[in-house]
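Single-structure report; data block below.
Numbering (this note's numbering), first residue to last: 1 to 101.
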């Protein structure tokens, strides 16, 4: 019985460690983002990632690539996080809405 408890405790700790390691990999490093953090040829791939969860894929890709060409930056994730890329965040439409997805 003691061996079973030890084994279950070991498995629980092992899975906890694996889960924590995997969750840390999805976090972004703010130092790797910002104006000029990308080369122009990287915009397509980064915009594909940024627009991957939207149902308006074509407009998202169009504006994301336009913003990336100007700012050379695309925020991490598929939504939000614009604060790490000020140029991307501050470019507005004439109505004052966000230009970049």
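Cβ atoms here follow ideal geometry from the backbone N, Cα and C, with glycine treated the same way.
Exercise for the section: Compute the distance between the beta-carbons of residue 100 and residue 67, then report whether it is under 8 angstroms. Expected result: yes
Problem - Inter-residue spacing [alpha-carbon to alpha-carbon] between residue 51 and residue 18 - result: 29 angstroms
Problem - Beta-carbon gap between residue 98 and residue 84 smaller than 8 angstroms - result: no
Practice task
Have a look at 63, 39, 37 and 77 and flag the residue whose alpha-carbon is nearest the alpha-carbon of residue 53.
Solution key: 77
Practice task
Could you tell me if residue 65 is buried or exposed, where buried requires 16 or more neighbouring beta carbons within 10 angstroms of its beta carbon?
Solution key: buried
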